[in-house]
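A.B. asks: The numbering of the sequence shown is the working numbering, which starts it at 59 and goes up by one. Yeah, the Cβ is synthetic: ideal placement off N, Cα and C, and Gly gets one too.
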Amino acid sequence: MSEIVILDGARTAIGTFGGSLANTPATTLGATAAKAALERSGVAPEKIGHVAIGHVINAEPRDMYVSRVTAMEAGIPQEAPAMNVNRLCGSGMQATISVIQSLMLGDAEFGLAGGVENMSRGPYVVPSIRWGQKMGDTNAVDMMVGTLTCPFGTGHM
Numbered sequence: 059m060s061e062i063v064i065l066d067g068a069r070t071a072i073g074t075f076g077g078s079l080a081n082t083p084a085t086t087l088g089a090t091a092a093k094a095a096l097e098r099s100g101v102a103p104e105k106i107g108h109v110a111i112g113h114v115i116n117a118e119p120r121d122m123y124v125s126r127v128t129a130m131e132a133g134i135p136q137e138a139p140a141m142n143v144n145r146l147c148g149s150g151m152q153a154t155i156s157v158i159q160s161l162m163l164g165d166a167e168f169g170l171a172g173g174v175e176n177m178s179r180g181p182y183v184v185p186s187i188r189w190g191q192k193m194g195d196t197n198a199v200d201m202m203v204g205t206l207t208c209p210f211g212t213g214h215m
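#1: With burial defined as no fewer than 16 other Cβ atoms inside 10 Å of the residue's Cβ, what is the status of Asp121: buried or exposed?
#2: DSSP has Asp200 in a bridge; who is on the other side?
#3: If you draw a straight line from the alpha carbon of Gly211 to that of Gly204, how long is it in whole angstroms?
#4: Can you give the Cα-Cα distance for Leu146 and Ala153, rounded to whole angstroms?
#5: Starting from Met162 and walking both ways along the alpha helix (DSSP H), at which residues does that stretch end?
#6: Relative to the C-alpha of Thr128, which candidate in Arg69, Ala80, Lys93 has its C-alpha closest?
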């Protein structure tokens with residue numbers, strides 16, 4: 059097995075909650091960083107054989123395909139496998155591990171790994187709306203706060 063190395067990387071600016079990046083889709087942030095990383099590394103997009111992107115809070119339908127959208131908008135061919143990873147705070151790291159494993163197995167010669175999130179776009183969800191709220195009050199669930207709250211009641215994470 060050949061040695062596996064990280065050739066380069068890129069990131070977007072870190073925004074503040076509700077700040078100048080608040081309306082920027084996660085897929086746009088991901089594609090921007092992916093394009094920059096590929097350019098810096100000197101690896102042509104068509105050489106990428108595996109993509110894994112960590113992501114947690116879906117704010118729009120394209121987010122459910124964040125790895126595929128990021129890859130294709132960065133010029134990576136649709137034939138390259140693309141995988142979303144949700145391991146909460148460890149999503150980007152697990153995406154990196156998953157690409158490394160793919161390289162170690164010989165599934166690809168080059169891979170793209172990363173993580174992308176725009177917490178300002180975390181939606182409110184009203185579960186009772188799907189089948190109709192017949193009577194009484196209903197609640198909206200803040201998915202951004204829900205993502206940051208332990209589901210076992212131990213507090214904010």
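C.D. replies: In short, the structure shows the following:
#1: Counting from one through the sequence shown, the residue named residue 121 turns up at place 63. A residue is called buried when at least 16 other Cβ atoms come within 10 angstroms of its Cβ; Asp121 meets this threshold and is buried.
#2: By 1-based counting over the sequence shown, the position of residue 200 is 142. Beta-bridge pairing links Asp200 to Tyr182.
#3: In the sequence shown, residue 211 corresponds to position 153, counting from 1. In the sequence shown, residue 204 corresponds to position 146, counting from 1. Using only the alpha carbons, I get a separation of about 11 Å.
#4: In the sequence shown, residue 146 corresponds to position 88, counting from 1. In the sequence shown, residue 153 corresponds to position 95, counting from 1. Inter-residue distance for Leu146 and Ala153 is about 11 Å (C-alpha atoms, whole angstroms).
#5: Translated into the one-based positions of the sequence shown, residue 162 becomes position 104. 149-162 is the span of the alpha helix (DSSP H), which, as asked, contains Met162.
#6: Translated into positions along the sequence shown, residue 128 becomes position 70. The candidate whose alpha carbon is nearest that of Thr128 is Lys93.
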